[in-house]
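Enquirer:
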């Protein structure tokens, strides 16, 4: 009790004031799962859900200005989870989009989890198409399913999967619904890809 | 389940794009992690980051690639970005049509209706004032800064902790010198811990509860829409609403969030305004508590600070060259906040804040104690006295300003103590509240300014603010004394 407090006292003037209560552990050697998507679709909530860590979740776009990293366990294997700032396209306009893209360009994630707001499928699919086009290992996550259902919107998930040729799952990241299925699909996906020698 | 039964979807672009794209794909030799097709498309769209990357990796080979890209770009009337994006959207529409069933009729829901009246200036501005009145004034200013603070200050500390500590210290520590370190006017427990726990904690907690609720309902993007036009005139876009409102919680946090702004100009203006005219929650709470006993002084404080915010923003945006910011923001639906999310968020924010101020407040007590022994403390306070006298404040206010240098909230807490002694007149209250609000960003905020904007800009801003705050205090004192509204 004594030591950390004293340490804190002496560190006050040395450290940079920072207030992001996120976790920023660097994890080496693990397979990576990068969470991408446009602003305010529930990326941070999904990150919290998968890792059990806590980064601030808000109902306004652009809350995540820094990249958070954490760990999750999928089918007995540990993954590093990366939460990225919102991006609309692979062709970046803002600083945040540049940060998000550079993760895809430099970190070689084994899974790119594209989270979209299920209510706005047609506005968000272009980025999915772009990620697929870039040869990235995309899994599409139709999030905020509860609001879509309440609005009377129905999505044929199976058909969408066939159309896109990538796995598609439906979730509600604020309550955690669908997360188990998501994890299962991620596990299968990685297994199939490593068999094919794509990893 | 067969996972990857179908082939991954591929978007076909215009033939005029596809054939040069194939040519570029064939020319690219290096491995980029992204597919060559994606790299080629980004090159066609003129992505400078990718251009540099390819130039570096391909060396000599880059020239023919560039030529192909230039040739195709010249053939279109629109930027290629537009053409390519359009094809992708058409593809997305086709897919959507096959998998999506829309409801037969769209009802305009209650939340949609509420959302619209929040963004309409005629109804939106009254709603803003209602939110400010109940959320900020009643909940933070009255409930947090008065009811809770009173309880902690007068009951917990005043009746129990302080007498207890003073007693124990007097009994067991025979040296007056050491007694002063823990108890008495500036002791670690009687001043440092008391400021942190009894004053700052209740105010900051109530603020962050209110803030988190507003945040999770989705009110802020609507507020951004509502005041975008006003903000444009001070060189900011509606996007700046979020760092500005967050500034009312903690200016240090908010200075970091100015990253979300697009242009450098906008970032500098926002940083300046945060440092100058946005009081942090602790400051705001204490000021609301102090001035609530004197409504006229409160209105003078509010109007002066708002006018300075607008005037300084307007002038800076005139002086600083640069493009007008464009504004485009996703409006999320209005949602019922989830209690657990609000509470966790409030908790992590308060925890961060408290862990930051608590050691600092104790450190301040120790510094003051050392300063008192060496006589340095009194020397500094004495040298500040003419300065505070010049804006019409009594000698004792010098101490408050010295605290304020250290931390915004510490200064506010000092002002609270000073007002409790009842020696400040209405004019003095208004003047000291205004000057303390404008006056220096605290150490934490300043270091964040250095980190985000660079040392030159940060020092420039501080050098402007310090004399400016006192100049305004000086003028306000003269005006208020002359027109005698507060006597």
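Protein chains in written order, with my numbering: chain A, 89 to 287; chain B, 350 to 836. Even for Gly, the Cβ is constructed at its ideal location relative to N, Cα and C.
#1: Under three-state DSSP, which class holds residue 714 of chain B?
#2: From the DSSP output, which residues share a beta bridge with residue 450 of chain B?
#3: Does the structure place the region 499-509 of chain B close enough to the region 682-698 of chain B that three or more beta carbon pairs sit under 8 Å?
#4: Within the chosen definition, does the region 433-447 of chain B reach the region 239-253 of chain A through at least 3 CB pairs nearer than 8 Å?
#5: At what residue ranges does the region 377-459 of chain B contain a whole run of the alpha helix (DSSP H), taking only runs of 4 or more?
#6: Hey, how far is the Cα of residue 543 of chain B from the Cα of residue 506 of chain B?
#7: Taking 8 Å as the CB-CB cut-off, is residue 198 of chain A touching chain B?
#8: Which whole-angstrom value is the C-beta distance of residue 830 of chain B and residue 760 of chain B, which I expect to be below 8 Å?
#9: Looking at residue 248 of chain A: is its Cβ nearer than 8 Å to the Cβ of residue 257 of chain A?
#10: Using DSSP with H/G/I as helix, E/B as strand and the rest coil, what is residue 265 of chain A?
#11: Given residue 818 of chain B, which residues of its chain have a CB within under 6 Å of its CB, disregarding the five upstream and five downstream residues?
#12: Mind checking which residues open and close the beta strand (DSSP E) that includes residue 119 of chain A?
#13: How about residue 231 of chain A: is its C-beta nearer than 8 Å to some C-beta of chain B?
#14: Whose C-beta lies closer than 6 Å to the C-beta of residue 138 of chain A among residues of the same chain, with five residues either side of it excluded?
#15: Quick one: is residue 242 of chain A near chain B, going by C-beta distance under 8 Å?
#16: Less than 8 Å between CB atoms is the rule here; does residue 652 of chain B satisfy it with respect to chain A?
#17: Mind the definition here: the region 639-655 of chain B touches the region 567-578 of chain B only if three or more C-beta pairs lie below 8 Å; say whether that holds.
#18: Counting only beta-carbon separations shorter than 8 Å, does residue 837 of chain B have a partner in chain A?
#19: Check the Cβ-Cβ distances between residue 239 of chain A and every residue of chain B, and say whether any is below 8 Å.
#20: What number of angstroms, rounded off, separates the C-alpha of residue 414 of chain B from the C-alpha of residue 587 of chain B?
#21: Using only CA atoms, which one of B:417, B:474, B:550 lies nearest to residue 762 of chain B?
#22: Just curious, the alpha helix (DSSP H) that residue 754 of chain B is in, first and last residue?
#23: Can you give the Cα-Cα distance for residue 834 of chain B and residue 485 of chain B, rounded to whole angstroms?
#24: Which bits of chain B does residue 254 of chain A rub up against, with CB to CB less than 7 Å?
#25: Do residue 79 of chain A and residue 807 of chain B have their C-beta atoms closer together than 8 Å?
#26: Rounding to the nearest angstrom, what Cα-Cα distance links residue 562 of chain B and residue 694 of chain B in this structure?
#27: Let me check understanding here. Comparing Cα to Cα, which of B:495, B:634, B:399 lies closest to residue 194 of chain A?
#28: Residue 578 of chain B lies in the alpha helix (DSSP H); which residues open and close that run?
#29: Using the Cβ count rule (16 or more neighbours within 10 Å means buried), how would you classify residue 794 of chain B?
#30: So which residues on chain B does residue 183 of chain A lean against when the C-beta distance must stay under 7 Å?
#31: If distances are taken between C-alpha atoms only, which option among A:272, A:268, A:120, A:259 comes closest to residue 203 of chain A?
#32: What distance in whole Å lies between the Cβ atoms of residue 765 of chain B and residue 638 of chain B, which are believed to be in contact at a cut-off of 8 Å?
#33: For residue 627 of chain B and residue 609 of chain B, which I take to be in contact (beta-carbon distance under 8 Å), what is that distance rounded to the nearest angstrom?
#34: Given that residue 128 of chain A touches chain B, what residues does it touch there, using C-beta distances under 8 Å?
#35: With 16 as the cutoff for other CB atoms within 10 Å, does residue 722 of chain B come out buried or exposed?
Expert: Put simply:
#1: On the second chain, residue 714 of chain B is found 365 positions in, with the first residue counted as 1. Of the three classes helix, strand and coil, the one that applies to residue 714 of chain B here is helix, per DSSP.
#2: For the purposes of this step, residue 450 of chain B is taken as residue 101 along the second chain, with counting starting at 1. Note: residue 450 of chain B sits in a beta bridge opposite A:242.
#3: The region 682-698 of chain B vs the region 499-509 of chain B: no contact.
#4: Counting Cβ pairs under 8 Å, three or more are found: they touch.
#5: Fully enclosed alpha helix (DSSP H) runs of 4 or longer: 385-393, 397-407, 411-424, 429-448.
#6: Locating residue 543 of chain B in the second chain gives position 194, where the first residue counts as 1. Locating residue 506 of chain B in the second chain gives position 157, where the first residue counts as 1. Rounded to whole angstroms, the separation of the alpha carbons of residue 506 of chain B and residue 543 of chain B is 7 Å.
#7: Residue mapping note: residue 198 of chain A aligns to position 110 of the first chain, counting from 1. Residue 198 of chain A does not count as touching chain B.
#8: Residue 830 of chain B sits at position 481 when you count from the first residue of the second chain. Residue 760 of chain B sits at position 411 when you count from the first residue of the second chain. That belief does not hold up - the Cβ atoms of residue 830 of chain B and residue 760 of chain B are roughly 23 Å apart, past 8 Å.
#9: The sequence position of residue 248 of chain A within the first chain is 160, counting from 1. The sequence position of residue 257 of chain A within the first chain is 169, counting from 1. No, they are not a contact pair.
#10: Position 177 of the first chain, counting from 1, holds the residue named residue 265 of chain A. Reduced to three states, the DSSP call for residue 265 of chain A is strand.
#11: For the purposes of this step, residue 818 of chain B is identified with residue 469 of the second chain, where counting begins at 1. Here the set comprises 784, 787, 788.
#12: Position 31 of the first chain, counting from 1, holds the residue named residue 119 of chain A. Residue 119 of chain A -> beta strand (DSSP E) spans 119-124.
#13: What you label residue 231 of chain A is simply residue 143 of the first chain in a count that begins at 1. So no, residue 231 of chain A is outside the interface.
#14: Translated into positions along the first chain, residue 138 of chain A becomes position 50. A distance below 6 Å between beta-carbons, with the five flanking residues on each side excluded, links residue 138 of chain A to the following residues of its chain, in chain order: 160, 169.
#15: As a first step, residue 242 of chain A is located in the first chain; it is residue number 154 there, counting from the start. So yes, residue 242 of chain A belongs to the interface.
#16: For the purposes of this step, residue 652 of chain B is identified with residue 303 of the second chain, where counting begins at 1. Answer no: the Cβ-Cβ gap between residue 652 of chain B and chain A never drops below 8 Å.
#17: Put simply, the region 639-655 of chain B does not touch the region 567-578 of chain B. Fewer than three CB pairs are less than 8 Å apart.
#18: This structure cannot speak to residue 837 of chain B, because chain B is shown only from 350 to 836.
#19: As a first step, residue 239 of chain A is located in the first chain; it is residue number 151 there, counting from the start. For residue 239 of chain A, the answer is yes, since a Cβ of chain B falls inside 8 Å of its Cβ.
#20: As a working note, residue 414 of chain B is residue 65 in the second chain. As a working note, residue 587 of chain B is residue 238 in the second chain. The C-alpha of residue 414 of chain B lies about 41 Å from the C-alpha of residue 587 of chain B.
#21: Indexing the second chain from 1 puts residue 762 of chain B at position 413. Residue B:550 is the option with its Cα nearest to residue 762 of chain B.
#22: Here residue 754 of chain B corresponds to residue number 405 of the second chain, with the count starting at 1. Looking at the DSSP string, the run of the alpha helix (DSSP H) that includes residue 754 of chain B is 746-755.
#23: As a working note, residue 834 of chain B is residue 485 in the second chain. As a working note, residue 485 of chain B is residue 136 in the second chain. Straight across, the Cα-Cα distance linking residue 834 of chain B with residue 485 of chain B is about 26 Å.
#24: For the purposes of this step, residue 254 of chain A is identified with residue 166 of the first chain, where counting begins at 1. In chain order: 357.
#25: Outside the modelled stretch of chain A, which goes from 89 to 287, sits residue 79 of chain A, for which no answer is possible.
#26: If you number the second chain from 1, residue 562 of chain B lands on position 213. If you number the second chain from 1, residue 694 of chain B lands on position 345. The straight-line gap from Cα to Cα measures roughly 10 Å.
#27: Within the first chain, residue 194 of chain A is the residue found at index 106, counting from 1. Nearest option by C-alpha distance: B:399.
#28: Indexing the second chain from 1 puts residue 578 of chain B at position 229. Per DSSP, residue 578 of chain B belongs to the alpha helix (DSSP H) from 577-581.
#29: If you number the second chain from 1, residue 794 of chain B lands on position 445. Buried, because 16 or more other Cβ atoms sit within 10 Å of the Cβ of residue 794 of chain B.
#30: In the first chain, counting from the first residue as 1, residue 183 of chain A sits at position 95. Residues of chain B passing the Cβ test: 608.
#31: Taking the first residue of the first chain as position 1, residue 203 of chain A is located at position 115. The shortest Cα separation from residue 203 of chain A among A:272, A:268, A:120, A:259 belongs to A:259.
#32: Here residue 638 of chain B refers to the residue found at position 289 when the second chain is read from its first residue. Here residue 765 of chain B refers to the residue found at position 416 when the second chain is read from its first residue. With a Cβ gap of about 7 Å, residue 638 of chain B and residue 765 of chain B count as contacting.
#33: Mapped onto the second chain, residue 627 of chain B falls at position 278. Mapped onto the second chain, residue 609 of chain B falls at position 260. Taking C-beta atoms under 8 Å as the contact rule, residue 627 of chain B and residue 609 of chain B fail to qualify, at a distance of about 16 Å.
#34: Taking the first residue of the first chain as position 1, residue 128 of chain A is located at position 40. Think of a sphere of 8 Å around the beta carbon of residue 128 of chain A: the chain B residues whose beta carbon falls inside it are 679, 681, in chain order.
#35: Here residue 722 of chain B corresponds to residue number 373 of the second chain, with the count starting at 1. Exposed.
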